[in-house]
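Protein chains in written order, with UniProt numbering: chain A, 1 to 340; chain B, 1 to 340.
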């Protein structure tokens, strides 16, 4: 089978790779229906994270189950499934607490490279969620979004304790930030301020439920949020970028007693204890426990209540995966969907 | 009147100072019934925080109202009152959100020096809470504790979202840490692990509700907590020290999805974004909004449900305030109570 391999910064190749196999009795192998490029893949594509050797890439996927190991019970061949980027047993104490991405037996599904025609899924029963029946083609992008960006946007809002009536600011207008707007809306936020300076992203943010747009960044952005909230800051701020500036902007945009949920994988982020202390801001982040949210998110997609698939503004054949990376790197696309 | 003045590290003097006055129509002046030395005063006493000029000291107090300004409505001369170390109007948006120590009009009551015979209290209506009647002498230490350490321990537990049934670890066995044990117990924690290596403090922690004692510190302490909690960590951790080691110990003692409430004033604390991210731990700290909790805490004290005054293991006349600092600095005393 064929799949994407990152050789070096800017060098993604689509090439023949080993066929994935059932290695453990709890594994499944799926035939990929759709996969995509993640904003976090760009850290490597841009050389900010090192790439020491040719590395299979991608960690988002929906597909049809082809084969399962002897101990797999809930998942069956033929099912259409959505899964999380971290495999989890869904039974350990951390999973039961709702933090499947901290499962005591977690494995990174992306280690095998999901931008490929077929994928090995460890701990299939605890990782995959099947749809009641095969979805129509138009729902596939939104179901794919649930496997990471929509789940991650949801966690940003959940980690920040978004409540009905809240004023929520979203830092970052990438696919995750836009999905965080959907999540805030679903959780009942009254005012949703998208921080964005790109017309097309502003427009999608509004379509997803943003009530206000703030184009300013950094200190100016935080000052603008305070100005809009009676001088105190937003109740909840969703940090969807992951660098030192965006984190500072997020923390300074939240009111005393407010919360920041941070889901951008941190790069160079240090939080100064004294500033955090006097801010009274609550902070929680991490890799989103997508598996916790999948049943609900799939229901919302199938009911037509949310349509996060709109973040895919570029659809390409999987063979053109390199163009997907380029388009996102150059910010010509929000997010590239790839179909084998 | 006379009061404490810090001249330099280790040099606290009890001397004649100006009589406090009503400076604004929202002020009150109280006659001090009891005051005390705070762990945070030691940062200055030890020279870790600089002292540039002779500085009146202390920020914890209970007293009897002597005089009020023209705009004071709820507070009346003759009342016995407990107040917070930050004066607050109790009406601004931050106060209404329960964060009175971030009041838009806050003033640090300690700026005037509360280790004194009389104290000016700004924003008296929003800062002070009167008891229904003058308390008996034996209740005075516990009411005094409410003005800071008990309120701060309560906030540590509230900021960490302690829930009934939780396992809670407390880092720090000073007066605040011990009061945090009381708070965790009141909030229904099932297991309370006090991290302490001093016999007398361990014993008071047990009396306040600790079910377990862990003497190990740092990495060893965190490892011990994980060992005691099925390998995952405590549901909630209350950080009551404020240095880099104690914060690290606290963060590493909490389970994924757990919380750290931090109330030790940070000194040299930097939180690494990547570690916080992958930990899934929620974090909130700050100067405790004591004013929010005072009505409830006073009720609990008057009902005999809590007895935080036991943290005062040294009672001295106010004139011997220097000895109070010395005894706490040398850890001969947990906390020194001073009466004029």
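Every residue gets a Cβ at the ideal spot worked out from N, C-alpha and C, and that includes glycine.
| task | Classify residue 72(B) as helix, strand or coil using the three-state DSSP reduction. | result | Three-state result, residue 72(B): coil.
| task | Anything in chain B within Cβ reach of residue 80(A), meaning under 9 Å, just list it in chain order. | result | Result: empty, since nearest Cβ-Cβ is about 30 Å, beyond 9 Å.
| query | What whole-angstrom Cβ distance do residue 294(B) and residue 146(B) have, given they're in contact under 8 Å? | reply | Correct: roughly 6 Å between the Cβ atoms.
| request: Identify every run of the beta strand (DSSP E) within the stretch 72-120 of chain B, keeping only runs that are complete inside it and at least 3 residues long; order them along the chain. | output: If you keep only unbroken beta strand (DSSP E) runs of at least 3 residues inside the stretch 72-120 of chain B, you get 80-83.
| query | How would you label residue 234(B), buried or exposed, when you count the other beta carbons within 10 angstroms and need 16 or more for buried? | reply | So residue 234(B) counts as buried.
| said: Please report whether the beta-carbon of residue 304(A) lies at a distance below 9 Å from any beta-carbon of chain B. | reply: Residue contact with chain B for residue 304(A): absent (no Cβ-Cβ distance below 9 Å to any residue of chain B).
| field | Residues that DSSP places opposite residue 312(B) in a beta bridge | value | Answer is 335(B), bridged to residue 312(B).
| query | Using the rule of at least 16 other Cβ atoms within 10 Å of the residue's Cβ for burial, across every protein chain shown, is residue 76(A) buried or exposed? | reply | Burial check for residue 76(A): the Cβ neighbour count within 10 Å stays below 16, so the residue is exposed.
| Cβ atoms of residue 231(A) and residue 269(A): under 9 Å apart, would you say? | Not a contact, by the Cβ cut-off of 9 Å.
| task | Could you spell out where the alpha helix (DSSP H) holding residue 295(B) opens and where it closes? | result | Where residue 295(B) is concerned, the enclosing alpha helix (DSSP H) starts and stops at 290-302.
| Just how far apart, CA to CA, sit residue 3(B) and residue 150(B)? | Those two C-alpha atoms are separated by around 24 Å.
| Are the beta-carbon atoms of residue 290(B) and residue 57(B) separated by less than 9 Å? | Contact: no.
| Exposed or buried, what is residue 111(B) when buried is set at 16 or more other beta-carbons lying within 10 Å of its beta-carbon? | By the beta-carbon neighbour count (other beta carbons within 10 angstroms, threshold 16), residue 111(B) is exposed.
| From 20(A), 50(A) and 286(A), pick the residue whose C-alpha is nearest to that of residue 155(A); which is it? | When each option's Cα is compared against that of residue 155(A), the closest is 286(A).
| said: For the pair the stretch 10-30 of chain B and the stretch 159-179 of chain B, tell me if three or more CB-CB distances fall below 8 Å. | reply: Judged by pairs of C-beta atoms under 8 Å, the stretch 10-30 of chain B does not touch the stretch 159-179 of chain B, as fewer than three such pairs exist.
| said: Between residue 293(A) and chain B, is any beta-carbon pair separated by less than 9 Å? | reply: Not one chain B Cβ lies under 9 Å of residue 293(A).
| request: Compute the Euclidean distance between the alpha carbons of residue 282(A) and residue 137(A), then round it to the nearest angstrom. | output: Cα atoms of residue 282(A) and residue 137(A): separation of roughly 41 Å, rounded to the nearest angstrom.
| query | Which residues, in order along the stretch 231-263 of chain B, keep a beta-carbon less than 9 Å from a beta-carbon of chain A? | reply | Per Cβ criterion, the list reads 231, 232, 235, 242, 244, 247, 255, 256, 257, 258, 259, 262 and 263.
| request: Apply the 10 Å Cβ neighbour rule to residue 215(B) and answer buried if 16 or more other Cβ atoms are within range, or exposed otherwise. | output: For residue 215(B), the number of other beta carbons within 10 angstroms of its own is below 16, and it is reported as exposed.
| message | Rounding to the nearest angstrom, what Cα-Cα distance links residue 59(A) and residue 105(A) in this structure? | response | Distance between the alpha carbons of residue 59(A) and residue 105(A): 18 Å.
| Buried or exposed: which applies to residue 108(B), given that a residue is buried once 16 or more other Cβ atoms fall within 10 Å of its Cβ? | Burial call: exposed.
| query | Quick one: Cα of residue 63(A) to Cα of residue 323(A), how far? | reply | Cα to Cα, residue 63(A) sits roughly 22 Å from residue 323(A).
| said: Less than 9 Å between CB atoms is the rule here; does residue 269(B) satisfy it with respect to chain A? | reply: At least one beta carbon of chain A lies nearer than 9 Å to the beta carbon of residue 269(B).
| said: Using the three-state DSSP reduction, which class does residue 340(B) fall into: helix, strand or coil? | reply: DSSP places residue 340(B) in the coil class of the three-state scheme, outside both helix and strand.
| field | Of the residues 247(B), 148(B), 276(B) and 266(B), the one placed nearest residue 128(B), counting alpha carbons only | value | If we check each option's Cα against that of residue 128(B), 148(B) comes out closest.
| query | Roughly how many angstroms lie between the CA atoms of residue 199(B) and residue 99(B), to the nearest whole one? | reply | If you draw a straight line from the Cα of residue 199(B) to the Cα of residue 99(B), it comes to about 35 Å.
| Name the chain B residues whose beta carbon is nearer than 7 Å to that of residue 85(A)? | Correct list: empty, because the minimum Cβ distance to chain B is about 14 Å.
| query | With 16 other CB atoms within 10 Å as the buried threshold, where does residue 25(B) fall? | reply | So residue 25(B) ends up on the exposed side.
| field | Anticipated Cβ contact below 8 Å, residue 273(A) with residue 159(A), distance rounded | value | Contact between residue 273(A) and residue 159(A) does not hold, since the beta-carbon distance rounds to 20 Å and is not under 8 Å.
| query | How about residue 153(A) and residue 240(A): are their beta carbons less than 9 Å apart? | reply | Note that the C-beta distance between residue 153(A) and residue 240(A) is below 9 Å.
| How many Å lie between residue 130(B) and residue 304(B) at the Cα? | Straight through space, the alpha carbons of residue 304(B) and residue 130(B) are spaced by roughly 17 Å.
| task | Starting from the C-beta of residue 191(B), find all residues in its chain whose C-beta is less than 6 Å away, skip the five residues before and the five after it, and write them out in chain order. | result | Taken in chain order, the residues that qualify are 167 and 211.
| request: Answer yes or no: do residue 246(B) and residue 257(B) have a C-beta to C-beta separation smaller than 9 Å? | output: Taking C-beta atoms as the reference points, residue 246(B) and residue 257(B) fail to come closer than 9 Å.
| query | Would you say residue 279(A) faces chain B, with C-beta separation under 9 Å as the test? | reply | With 9 Å as the cut-off, residue 279(A) counts as an interface residue toward chain B.
| Buried or exposed: residue 74(A), going by 16 or more other Cβ atoms within 10 Å of its Cβ? | Residue 74(A) comes out exposed.
| query | Since residue 188(B) meets chain A, which of its residues come closer than 9 Å, beta carbon to beta carbon? | reply | Those do not exist, as residue 188(B) stays about 18 Å from chain A at its closest Cβ, beyond 9 Å.
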